[in-house]
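Visitor:
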Ligand code: HGY
Ligand code: MN
Ligand code: MN
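Numbering (the working numbering), first residue to last: 189 to 593.
1) What does residue 336 pair with, by DSSP beta-bridge criteria?
2) Heavy atom of ligand 1 less than 7 Å from the Cβ of residue 497, yes or no?
3) In or out: residue 193 buried (at least 16 other Cβ within 10 Å) or exposed?
4) Using a 10 Å radius around the Cβ and a threshold of 16 neighbouring Cβ atoms, would you call residue 319 buried or exposed?
5) Of the residues 276, 425, 409, which one's Cα is nearest the Cα of residue 416?
6) Taking buried to mean at least 16 other C-beta atoms within 10 Å of its own C-beta, is residue 464 buried or exposed?
7) For ligand 3, is there any heavy atom lying closer than 7 Å to the beta carbon of residue 450?
8) Can you list, in chain order, the stretches of the alpha helix (DSSP H) that have 4 or more residues and sit fully within the stretch 254-332?
9) Give the DSSP-derived three-state secondary structure of residue 464 in the structure shown.
10) Measure the C-alpha to C-alpha separation of residue 372 and residue 268 and round it to an integer number of angstroms.
11) Whose C-alpha, out of 290, 325, 204, 294, is nearest the C-alpha of residue 353?
12) Would you kindly report the start and end of the unbroken beta strand (DSSP E) that includes residue 507?
13) Hey, would you say residue 431 sits closer than 8 Å to residue 451, going by beta carbons?
14) I need the boundaries of the beta strand (DSSP E) containing residue 399, first residue and last residue.
15) Tell me the DSSP secondary structure of residue 486 in three-state form.
16) Rounded to whole angstroms, what's the CA-CA distance from residue 480 to residue 570? Just pull it up for me.
17) Beta carbon of residue 328: closer than 7 Å to some heavy atom of ligand 1?
18) Among the candidates 202, 299, 366, whose CA atom is the shortest distance from the CA of residue 256?
19) Kindly examine ligand 5 and report whether one of its heavy atoms sits closer than 7 Å to the Cβ of residue 545.
20) CB residue 141 to CB residue 586, shorter than 8 Å?
21) I'd like to confirm the pairing. Which residues does DSSP put opposite residue 538 in its beta bridges?
22) Out of 370, 232, 291, which one is the CA nearest neighbour of residue 550?
23) Taking residue 292 and residue 245 to be in contact with their CB atoms under 8 Å, please state how far apart those CB atoms are, rounded to whole angstroms.
24) Compute the distance between the beta-carbons of residue 527 and residue 548, then report whether it is under 8 Å.
25) Have a look at residue 522 and residue 534 and give me their C-alpha separation to the nearest angstrom.
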């Protein structure tokens, strides 16, 4: 096990030292991206690393029975605690920073406060949420949705990964679900996250405070037709769901552009998925997001209508199933303004979902973004400079000092 005592020296070096401890974990040598799916070996190693880092800091670790971990500086039962943290899991071949930066920065912020002799007047707790990306079990922010009761333990426990393993099996037990007692002991939640866009690069600012998260969701399209031989079936006789799927992808792109919204189909499954067989079924997942709820509703309805029209032409069937939905999240305005003033930082919305977006309905919540020079995320190209990450730690430490007075 890699052990690490708090290094002396500039924060930038201490960031790099701690960061280098986790950088190799789950990294795919081919793509340079990360394969850190919830509760699989790489993410389990990161959870163990988290426990070790907490132990080195004398911070007891609790769990809420849903796979979320909490390392406490102060009495877990005292109440009025300030939570900070993020997630370890990644999308397939995702970047290094999305998630882990919030956890590493939180640990280093604790070190900064202690080195400055700060004694928080209320508990400070570092959280690691499970399955934020939904990359293994299909529902994003699964851990924070369980904690807040947004999803039932039965539905969450029954979610299965591509190999058929259920979340309950991966967790080792049925998730316990909502924990209102824990939520009632939280006074605030601040999540630091790498920015997933170019706003900070264009504003030349190292950190920003979040104002809102766009409403967004995931919808599963199931297209069914008639599987048949690629060589002997006349084009006029086909009922090819791949055709309806392809048209739907183009329609989603067009309808999003018309609404200045975002629509992505990044995941598809084909049965039987053979080069020389007309598919019997094609499943495509639509990720749709828009600045306003009505725009999002209109976008999804337009895509559904176009898909149904095309299915009639193709002689195929199409069904649409909502798999997850996140309403517009307007972060606590007073808190956002207070942090923006404290940090002299810009305030900006994001189209990316976060655990902070789930907790915001239960606890005063804020987000701090750290500049991403490429603006790219959910890709190996995601990046952040050590200097900006150190600036993020400093910003988070100042915010936590302010909130735990
Ligand atoms: O998909 C998202 O917006 C987040 O990164 N889970
Ligand atoms: Mn992400
Ligand atoms: Mn994230």
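Ideal Cβ placement from N, Cα and C applies to all residues, glycine included.
Guide: With the structure as the only source:
1) If you number the chain shown from 1, residue 336 lands on position 148. DSSP, once it has assigned bridges, lists no residue as partnering residue 336.
2) Counted from its first residue, the chain shown places residue 497 at position 309. The answer is no for residue 497.
3) Against the chain shown, residue 193 aligns to sequence position 5. For residue 193, the pLDDT reaches just 36, beneath the cut-off of 50, and the residue's location in the model is therefore unreliable, leaving the point undetermined.
4) Counting from one through the chain shown, the residue named residue 319 turns up at place 131. That one is buried.
5) Within the chain shown, the letter at position 228 stands for residue 416. For the set 276, 425, 409, the Cα lying nearest the Cα of residue 416 is the one of 425.
6) For the purposes of this step, residue 464 is taken as the residue at position 276 of the chain shown. Around the beta carbon of residue 464, fewer than 16 other beta carbons lie within 10 angstroms, which makes this residue exposed.
7) Taking the chain shown and counting its residues from 1, the one referred to as residue 450 is at position 262. When distances are taken from the beta-carbon of residue 450 to the heavy atoms of ligand 3, even the shortest one reaches 7 Å or more.
8) Taking only runs of at least 4 residues, the alpha helix (DSSP H) segments lying wholly in the stretch 254-332 are 288-303.
9) Position 276 of the chain shown, counted from the first residue, corresponds to residue 464. It is coil, neither helix nor strand.
10) Stepping through the chain shown from its first residue, residue 372 is reached at position 184. Stepping through the chain shown from its first residue, residue 268 is reached at position 80. Computed Cα separation, rounded: 8 Å.
11) The sequence position of residue 353 within the chain shown is 165, counting from 1. From the listed residues 290, 325, 204, 294, the smallest Cα separation to residue 353 is found for 325.
12) The residue given as residue 507 occupies position 319 in the chain shown. Per DSSP, residue 507 is one residue of the beta strand (DSSP E) stretching across 505-514.
13) As a first step, residue 431 must be located in the chain shown, where it is residue number 243. As a first step, residue 451 must be located in the chain shown, where it is residue number 263. The answer is no: Cβ separation not under 8 Å.
14) One-based indexing of the chain shown puts residue 399 at position 211. Residue 399 -> beta strand (DSSP E) spans 395-401.
15) Position 298 of the chain shown holds residue 486. Residue 486 falls in the helix class under three-state DSSP.
16) Numbered from 1 along the chain shown, position 292 holds the residue referred to as residue 480. Numbered from 1 along the chain shown, position 382 holds the residue referred to as residue 570. Near 27 Å, if we compare the C-alpha coordinates of residue 570 and residue 480.
17) Against the chain shown, residue 328 aligns to sequence position 140. In this structure, residue 328 has its CB closer than 7 Å to one or more heavy atoms of ligand 1.
18) Residue mapping note: residue 256 aligns to position 68 of the chain shown, counting from 1. That would be 366, whose Cα lies nearest to the Cα of residue 256.
19) No copy of ligand 5 occurs in the structure displayed; its ligands are ligand 1, ligand 2 and ligand 3 alone.
20) The structure shown does not extend to residue 141, since the chain is modelled only from 189 through 593, so no value can be given for it.
21) Against the chain shown, residue 538 aligns to sequence position 350. DSSP lists 401 as the bridge partner or partners of residue 538.
22) Within the chain shown, numbered from 1, the residue matching residue 550 stands at position 362. Across the set 370, 232, 291, the C-alpha of 370 shows the shortest separation from the C-alpha of residue 550.
23) For the purposes of this step, residue 292 is taken as the residue at position 104 of the chain shown. For the purposes of this step, residue 245 is taken as the residue at position 57 of the chain shown. Rounded to the nearest angstrom, the Cβ distance from residue 292 to residue 245 is 13 Å, too far for a contact under 8 Å.
24) The residue labelled residue 527 in the question sits at position 339 within the chain shown. The residue labelled residue 548 in the question sits at position 360 within the chain shown. Result no, Cβ atoms of residue 527 and residue 548 do not sit closer than 8 Å.
25) The count along the chain shown starts at 1 and reaches residue 522 at position 334. The count along the chain shown starts at 1 and reaches residue 534 at position 346. If I take the Cα positions, the gap works out to 14 Å.
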